[in-house]
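*Asks:*
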Amino acid sequence: MKVQVISRSTDEFTRERSNDLQRVFRNFDPSLRTQEKAVEYVRALNAAKLDKIFARPFVGAMDGHIDSVSCMAKNLNHLKGIFSGSMDGDIRLWDIASRRTICQFPGHQGAVRGLTASTDGRILVSCGTDCTVRVWNVPLATIMDSDDLSDNSAKESAVYVWKNAFWGVDHQFDGNLFATAGAQVDIWDHNRSQPVNSFEWGKDTVISVRFNPGEPNILATSASDRSIAIYDLRMSSPTSKLIMRTKTNSIAWNPMEPMNFTAANEDCNCYSYDARKLDEAKCVHKDHVSAVMDIDYSPTGREFVTGSYDRTVRIFQYNGGHSREIYHTKRMQRVFCVKFSCDGSYVISGSDDTNLRLWKAKASEQMGVLLPRERKNHEYREAVKNRYKHLPEVKRIVRHKHLPKPIFKASALRRIMGEAERRKDERRRAHSAPGSMPKESIRKKRIVKKEGSLEKEPLKPLISCLKL
Amino acid sequence: MKEGMTRLYNWYEMRSIQYAEQHNVDLQNFKPVKMGVEQEDGSLTKIPPPEEQEFLDEMDIKVKKYLRGGSANLEALRDKKLKGQLAVREELYGKSAKAAVKIEKWLMPSEGGYLEAEGIEKTWRIKQESIAREVDLSSSKNQYDIVLPDLGPYTLDFTSSGRYMAVAGRKGHLAIIDMMNMGLVKELQVRETVRDVTFLHNEVFFAAAQKKYPYIYNRDGTELHCLKEHGSVLKLQFLKNHFLLASINKFGQLHYQDVTTGLMVGNFRTGLGRSDVMQVNPFNGVIALGHSNGSVTMWKPTSGAPMVKMLTHHGPVSALSFHSNGHLMATAGTDKKIKIWDLRKFEVLQTLPGHAKTLDFSQKGLLATSTGSFVQILGDFSGSQNYSRYMTHSIAKGYQIQKVMFRPYEDVLGLGHSMGWSSILIPGSGEPNFDSWVANPFETPKQRREKEVRSLLDKLPPETIMLDPKKIGTLKPRTKRREKRSKEEREAEMEAAVADAKSSVSTKRKTKGRSKPSRRAKKMQEAGERAKRPFLEQQKQEEELSKNKKQKISEQSEQLPKSLQRFVSKKAGS
Numbered sequence: 046m047k048v049q050v051i052s053r054s055t056d057e058f059t060r061e062r063s064n065d066l067q068r069v070f071r072n073f074d075p076s077l078r079t080q081e082k083a084v085e086y087v088r089a090l091n092a093a094k095l096d097k098i099f100a101r102p103f104v105g106a107m108d109g110h111i112d113s114v115s116c117m118a119k120n121l122n123h124l125k126g127i128f129s130g131s132m133d134g135d136i137r138l139w140d141i142a143s144r145r146t147i148c149q150f151p152g153h154q155g156a157v158r159g160l161t162a163s164t165d166g167r168i169l170v171s172c173g174t175d176c177t178v179r180v181w182n183v184p185l186a187t188i189m190d191s192d193d194l195s196d197n198s199a200k201e202s203a204v205y206v207w208k209n210a211f212w213g214v215d216h217q218f219d220g221n222l223f224a225t226a227g228a229q230v231d232i233w234d235h236n237r238s239q240p241v242n243s244f245e246w247g248k249d250t251v252i253s254v255r256f257n258p259g260e261p262n263i264l265a266t267s268a269s270d271r272s273i274a275i276y277d278l279r280m281s282s283p284t285s286k287l288i289m290r291t292k293t294n295s296i297a298w299n300p301m302e303p304m305n306f307t308a309a310n311e312d313c314n315c316y317s318y319d320a321r322k323l324d325e326a327k328c329v330h331k332d333h334v335s336a337v338m339d340i341d342y343s344p345t346g347r348e349f350v351t352g353s354y355d356r357t358v359r360i361f362q363y364n365g366g367h368s369r370e371i372y373h374t375k376r377m378q379r380v381f382c383v384k385f386s387c388d389g390s391y392v393i394s395g396s397d398d399t400n401l402r403l404w405k406a407k408a409s410e411q412m413g414v415l416l417p418r419e420r421k422n423h424e425y426r427e428a429v430k431n432r433y434k435h436l437p438e439v440k441r442i443v444r445h446k447h448l449p450k451p452i453f454k455a456s457a458l459r460r461i462m463g464e465a466e467r468r469k470d471e472r473r474r475a476h477s478a479p480g481s482m483p484k485e486s487i488r489k490k491r492i493v494k495k496e497g498s499l500e501k502e503p504l505k506p507l508i509s510c511l512k513l
Numbered sequence: 006m007k008e009g010m011t012r013l014y015n016w017y018e019m020r021s022i023q024y025a026e027q028h029n030v031d032l033q034n035f036k037p038v039k040m041g042v043e044q045e046d047g048s049l050t051k052i053p054p055p056e057e058q059e060f061l062d063e064m065d066i067k068v069k070k071y072l073r074g075g076s077a078n079l080e081a082l083r084d085k086k087l088k089g090q091l092a093v094r095e096e097l098y099g100k101s102a103k104a105a106v107k108i109e110k111w112l113m114p115s116e117g118g119y120l121e122a123e124g125i126e127k128t129w130r131i132k133q134e135s136i137a138r139e140v141d142l143s144s145s146k147n148q149y150d151i152v153l154p155d156l157g158p159y160t161l162d163f164t165s166s167g168r169y170m171a172v173a174g175r176k177g178h179l180a181i182i183d184m185m186n187m188g189l190v191k192e193l194q195v196r197e198t199v200r201d202v203t204f205l206h207n208e209v210f211f212a213a214a215q216k217k218y219p220y221i222y223n224r225d226g227t228e229l230h231c232l233k234e235h236g237s238v239l240k241l242q243f244l245k246n247h248f249l250l251a252s253i254n255k256f257g258q259l260h261y262q263d264v265t266t267g268l269m270v271g272n273f274r275t276g277l278g279r280s281d282v283m284q285v286n287p288f289n290g291v292i293a294l295g296h297s298n299g300s301v302t303m304w305k306p307t308s309g310a311p312m313v314k315m316l317t318h319h320g321p322v323s324a325l326s327f328h329s330n331g332h333l334m335a336t337a338g339t340d341k342k343i344k345i346w347d348l349r350k351f352e353v354l355q356t357l358p359g360h361a362k363t364l365d366f367s368q369k370g371l372l373a374t375s376t377g378s379f380v381q382i383l384g385d386f387s388g389s390q391n392y393s394r395y396m397t398h399s400i401a402k403g404y405q406i407q408k409v410m411f412r413p414y415e416d417v418l419g420l421g422h423s424m425g426w427s428s429i430l431i432p433g434s435g436e437p438n439f440d441s442w443v444a445n446p447f448e449t450p451k452q453r454r455e456k457e458v459r460s461l462l463d464k465l466p467p468e469t470i471m472l473d474p475k476k477i478g479t480l481k482p483r484t485k486r487r488e489k490r491s492k493e494e495r496e497a498e499m500e501a502a503v504a505d506a507k508s509s510v511s512t513k514r515k516t517k518g519r520s521k522p523s524r525r526a527k528k529m530q531e532a533g534e535r536a537k538r539p540f541l542e543q544q545k546q547e548e549e550l551s552k553n554k555k556q557k558i559s560e561q562s563e564q565l566p567k568s569l570q571r572f573v574s575k576k577a578g579s
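From first to last, the protein sequence lines stand for chains A and B. Numbered by my numbering, the letters in the first sequence go through residues 46 to 513 in order. Numbered by my numbering, the letters in the second sequence go through residues 6 to 579 in order.
#1: Of all Cβ atoms in chain A, is any one closer than 8 Å to the Cβ of B/Gln44?
#2: Contact between the segment 136–151 of chain A and the segment 106–116 of chain A: three or more CB pairs below 8 Å?
#3: Using a 10 Å radius around the Cβ and a threshold of 16 neighbouring Cβ atoms, would you call A/Val414 buried or exposed?
#4: Less than 8 Å between the CB atoms is what I'm expecting for A/Ser289 and A/Ile492, so what's the real figure, rounded?
#5: Considering just the uninterrupted stretch of the alpha helix (DSSP H) at B/Ser523, what are its terminal residues?
#6: Check for me: the beta strand (DSSP E) holding B/Ala171 runs from which residue to which?
#7: Listing by chain order, which chain A residues have their CB less than 8 Å from the CB of B/Ala122?
#8: Quick check on this structure: which residue in B/Thr484, B/Lys513, B/Ala532, B/Glu468 has the alpha carbon closest to the alpha carbon of B/Met499?
#9: Name the one or two DSSP bridge partners that A/His216 has.
#10: Taking C-beta pairs closer than 8 Å, name the residues in chain B that A/Leu436 reaches, listed in chain order.
#11: Round the Cβ separation of A/Gly227 and A/Thr250 to the nearest angstrom and send it over; I've been treating them as touching at under 8 Å.
#12: Are the segment 384–395 of chain A and the segment 87–101 of chain A touching by the rule of at least three beta carbon pairs closer than 8 Å?
#13: What residues are listed by DSSP as bridge partners for A/Gln149?
#14: Can you tell me where the beta strand (DSSP E) holding B/Ile181 begins and where it ends?
#15: Based on DSSP bridge pairs, tell me the residues matched to B/Leu461.
#16: Against chain B, with Cβ distances strictly below 8 Å, would A/Lys494 count as a contact?
#17: Name the chain A residues that come within less than 7 Å of B/Arg73, Cβ to Cβ?
#18: For the beta strand (DSSP E) that B/His398 lies in, which residues bound it at each end?
#19: Would you decide whether B/Ala526 is buried or exposed? Buried here means 16 or more other CB atoms lie within 10 Å of its CB.
#20: Taking Cβ positions only, does B/Ile635 come closer than 8 Å to chain A?
#21: Consider the Cβ of B/Ile136: report whether some Cβ of chain A lies at a distance smaller than 8 Å.
#22: In angstroms, rounded to a whole number, what distance separates the CA positions of A/Val358 and A/Cys382?
#23: Roughly how far, in whole angstroms, is the beta-carbon of B/Gln242 from the beta-carbon of B/Val282, given that I think they are within contact range, below 8 Å?
#24: So for B/Arg274, helix, strand or coil by DSSP?
#25: Name the residue from A/Ala199, A/Asn120, A/Val87, A/Lys494 whose alpha carbon lies nearest to the alpha carbon of A/Lys322.
#26: Which chain B residues are close to A/Gln80, counting only those with a beta carbon under 9 Å from its beta carbon?
#27: Go to B/Asp225, then tell me how far its alpha helix (DSSP H) extends in each direction, as first and last residue.
#28: Look up B/Phe572 in the DSSP assignment and say whether it is helix, strand or coil.
#29: Using a cut-off of 8 Å between C-beta atoms, extract the partners of B/Tyr149 located in chain D.
#30: Can you confirm whether B/Thr484, when its beta carbon is compared against all beta carbons of chain A, has any partner nearer than 8 Å?
#31: Report the residue ranges of all beta strand (DSSP E) runs contained in full by the segment 368–453 of chain A; include only those spanning at least 3 residues, in chain order.
#32: Given this structure, state the Cα-to-Cα distance separating B/Gln215 from B/Val291, to the nearest angstrom.
#33: Mind checking B/Val270: buried by the 16 CB within 10 Å criterion, or exposed?
#34: Where does B/Gln284 sit, in a helix, a strand or coil, going by DSSP?
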């Protein structure tokens, strides 16, 4: 007879000294865990609810401007600094951590419309409706020790007066060129008082310009003739142009997939395009109920933030048709500019009510240092929520967003209008000859035409200092 | 294509070249490393060494257990994105199952028990005394008899970790015993009949079914609650995941009470008379009741009618037990039969002869049956769910065994009988390795408190009790709605049937006068009408239905004041 029974000595299964950790033994046998699926489901439900309970996205407001904030610029080299320009010509550098102004840049006579910092963070370029481009040296000392409360104000290192008012400016990545948008697109060098290059395509005002983060010589602009144009600085002519039904207010390139960009459009939607293939949008991001004013990508390239004239800030997935998050407060007015912070965990919005507002990028994220066990718990909650997100109860909780009444009503109205349009289209199609009205997807519908510079005569650059 | 655009196209390519340059990878001569044996036709087959092969085979079998069912059929999916995501997920499941198997193979701290006969020995002839001689001292301490002749037949219950035991004597003796050091935690005398005892979610609370009502006590013996709504309860069961205390009383009423909020979740009359056979299926939380007419009914707290009603025995059901995997149920009846049922098909797998007053499945699937003073352990050794005799044991003659219960995570069987309680060793009955987060026999008070909070957070709603708990978290399949045919379609169908019937009327010439044109026309018309009849009947039925509906709506609206009548829903009749 051979016999053995389970025999456990207490010493092997308990800790030796009182300051040791308790011993943990695992057995992953499914039969020990009864109803594990139901337990997981309940956890998913609880995780979804907890997410809503902990959703406190608003961190704080930064006040100081005395007119509406028109533009902002990130300092790529310094995480907690952000520049903002307002309609009265005031430019400020903010310390996000303490939410105070640490430096002011006085000089502009009219509204500041464009603001950008060089990649190394030493030079700030601003432009505005007073037809000037101002180049500033960013006082690095004030960034470092922002503790002294004395009112710092910097002096510009150069002022370039030009022929037309400016609507936007953007600095090249890793170079010393910057582009301004106005009556035409001008390319400037830090050290020259005149544009080194100028592009014009059509007669209308260019309202925004953005350099490509992957290929520093490519830039995209949007103009008030409803066009989006892509330029290559190494060539004398613009590359391609796209005309949509409505104006594009702002453009942001995806920093991780630099061939893609997203355009914030006047028709309440954002359109993601592949710059190589402009004949249809890759994705249409709907949800805003009024014109989208500004857009900025997260440094991860997975999501972007938009600010809209409907007084809300929304966060979208780069490939999601609807927003992941909506931020609004009673006091926030029309949002004119938004930025993702350089670490991707905060969102900053500047609005008509003269304040900059700081939001968390993930509404329910726990701030501060997380212990490893806390982090694991958060990851687990996220995973179960993701696993059961298709089930009606979980979906209902995850999707629910409290909207201000005007936005709720406006979105309902937009839905009705869209539905009516669709119905009308359907009927029209049913009563016309088969094939005479082909179905057009929303990704193509808003595009009026696409032009490449091959089809049209290449324009000579107006001024070309480089060739002198 | 412009130069700039081409560069964008080549962005990824450039990255890879940069990578190659940085890491000195020779891109021209780069080939993936192949493992295995290259055959003549160039195909590649892996030939692992024999012991590794054996291990792989063994692994395949065990991986199945951890995979919890087969993978989804991804080929049928048309959504490429979803397909990719699911494929990744499936791969992760496979990996985690393999990791679990490896952990099971190498990292488990204790080994399971076994009993093997040598030569002409038979396992069922091996006595407890001879087992005691072979096993170590600490294990042989688990064989004992406690004789308390006055306080009459005892019933018992273990906590889920197997650390604590609650015993209840019929004459009012309640005790909690720490099985680790055999210490008495608390003993009390309630001075009235105690029919059953059960632990709640941990050893701090227990419920006892007393003469008139069940009571909840804490470990110190303080009476916390008297559950008057339950009446005089015969049997108590606690559903750990749902925090529900279920009871069946003298009048055959089944009560479910939530012990966290005190809410009475369900109160159902079984309508089948007095029953004191109740067992919860740990797999899905369904409660099974055995009745005196030989039927077993299965209940959930959200419906007043039993989910399952099955005739198991010719005569009263005397005992009932569930296997922990949820597929097997054992029932015993007074018709001298013990039956093992497959709960997936509700079919008898095996019928064994014999009485059993009480039954219990162990964690490893051994079945203890007992009648009088005799205990028999059945085991399934062929792997084909064919239970055969494994061990037997008799306690002192004349002792009537009231309850058998395996102690979780130990090779021990507890027996409550008319003269006290006993404990015997059954090698191979318990799960050798516990999981500290599921049930920990070495739990400290702090861990217990933490676990209490955690299990309260994971408390399941009563709706999660269902026959197939795997349905939770799945979507309801889309049902096709029957299309309503339009009036024209129905008429066309009728016309076709009529024409068909008319054409089938024979035009054979018959005797004089019978195939006159008038007669033939009449015949045709009759055939047509006959063909029409089913259609007309159906139409009539439908009309009547809609008429009833309308009538109902109008009745409803009549009850309302006139100003509100226009708001009555058109669909309200259904």
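Note that the Cβ used here is the ideal one computed from N, Cα and C, for glycine as well.
*Replies:* Straight from the coordinates:
#1: On the second sequence, position 39 is the one that residue 44 of chain B refers to. Note that B/Gln44 has pLDDT 45, beneath the 50 cutoff, so the model's placement of it is unreliable and the number below is only indicative. Chain A, which has no Cβ nearer than 8 Å to the Cβ of B/Gln44, makes this no.
#2: yes
#3: As a position in the first sequence, residue 414 of chain A is number 369, starting the count at 1. Exposed, by the Cβ-count rule.
#4: The residue given as residue 289 of chain A occupies position 244 in the first sequence. The residue given as residue 492 of chain A occupies position 447 in the first sequence. Residue 289 of chain A is actually Met in this sequence, not Ser. So it is a contact: roughly 6 Å between Cβ atoms.
#5: As a working mapping, residue 523 of chain B is identified with position 518 in the second sequence. Taken as a continuous stretch (DSSP letters only), the alpha helix (DSSP H) holding B/Ser523 covers 522–564.
#6: Sequence index remark: in the second sequence, residue 171 of chain B carries index 166 (1-based). From DSSP, the beta strand (DSSP E) with B/Ala171 extends over 169–174.
#7: On the second sequence, position 117 is the one that residue 122 of chain B refers to. Met46, listed in chain order.
#8: Numbered from its first residue, the second sequence carries residue 499 of chain B at position 494. Of the candidates B/Thr484, B/Lys513, B/Ala532, B/Glu468, the one whose C-alpha sits nearest the C-alpha of B/Met499 is B/Ala532.
#9: On the first sequence, residue 216 of chain A is found 171 positions in, with the first residue counted as 1. DSSP, once it has assigned bridges, lists A/Phe223 as partnering A/His216.
#10: To locate residue 436 of chain A, count along the first sequence from 1; it is residue 391. Simply Gly478, Leu480.
#11: Within the first sequence, numbered from 1, the residue matching residue 227 of chain A stands at position 182. Within the first sequence, numbered from 1, the residue matching residue 250 of chain A stands at position 205. So it is a contact: roughly 7 Å between Cβ atoms.
#12: no
#13: By one-based count along the first sequence, residue 149 of chain A stands at place 104. Answer is A/Arg137, A/Ser198, bridged to A/Gln149.
#14: Numbered from its first residue, the second sequence carries residue 181 of chain B at position 176. It spans 178–183 - the beta strand (DSSP E) in which B/Ile181 sits, taken as one unbroken run.
#15: Indexing the second sequence from 1 puts residue 461 of chain B at position 456. The partner list for B/Leu461 (beta bridge, DSSP) is empty, contrary to what the question assumes.
#16: For this step, residue 494 of chain A is matched to residue 449 along the first sequence. Cβ-Cβ to chain B under 8 Å: no for A/Lys494.
#17: The count along the second sequence starts at 1 and reaches residue 73 of chain B at position 68. The contacting residues are Pro75.
#18: Here residue 398 of chain B is taken as the residue at index 393 of the second sequence, counted from 1. 392–399 is the extent of the beta strand (DSSP E) around B/His398.
#19: What you label residue 526 of chain B is simply residue 521 of the second sequence in a count that begins at 1. That one is exposed.
#20: Chain B is shown from 6 up to 579; residue 635 of chain B falls before or after that span and cannot be answered.
#21: Position 131 of the second sequence, counting from 1, holds the residue named residue 136 of chain B. Answer yes: the Cβ-Cβ gap between B/Ile136 and chain A drops below 8 Å somewhere.
#22: The sequence position of residue 358 of chain A within the first sequence is 313, counting from 1. The sequence position of residue 382 of chain A within the first sequence is 337, counting from 1. Their backbone Cα atoms lie some 10 Å apart in a straight line.
#23: For the purposes of this step, residue 242 of chain B is taken as the residue at position 237 of the second sequence. For the purposes of this step, residue 282 of chain B is taken as the residue at position 277 of the second sequence. Incorrect: roughly 11 Å between the Cβ atoms, too far for contact.
#24: On the second sequence, position 269 is the one that residue 274 of chain B refers to. Residue state, collapsed to three classes: strand.
#25: Position 277 of the first sequence, counted from the first residue, corresponds to residue 322 of chain A. Considering only alpha carbons, the answer is A/Lys494.
#26: Walking along the first sequence from the start, residue 80 of chain A turns up at place 35. Chain B residues near A/Gln80: Asn246, His247, Pro287, Phe288, Asn289, Gly290, Leu465, Thr469, Ile470, Pro474, Ile477.
#27: The residue you call residue 225 of chain B lines up with position 220 of the second sequence. Taken as a continuous stretch (DSSP letters only), B/Asp225 belongs to no alpha helix (DSSP H), as it is neither H nor E.
#28: By 1-based counting over the second sequence, the position of residue 572 of chain B is 567. DSSP places B/Phe572 in helix when its eight states are reduced to three.
#29: Among the chains of the structure shown, chain D does not appear; the protein chains present are A and B.
#30: Taking the second sequence and counting its residues from 1, the one referred to as residue 484 of chain B is at position 479. So, not an interface residue.
#31: 368–372, 380–385, 391–396, 400–405
#32: Translated into the one-based positions of the second sequence, residue 215 of chain B becomes position 210. Translated into the one-based positions of the second sequence, residue 291 of chain B becomes position 286. B/Gln215 and B/Val291: Cα-Cα distance of roughly 24 Å.
#33: Position 265 of the second sequence holds residue 270 of chain B. Burial call: buried.
#34: For the purposes of this step, residue 284 of chain B is identified with residue 279 of the second sequence, where counting begins at 1. DSSP places B/Gln284 in strand when its eight states are reduced to three.
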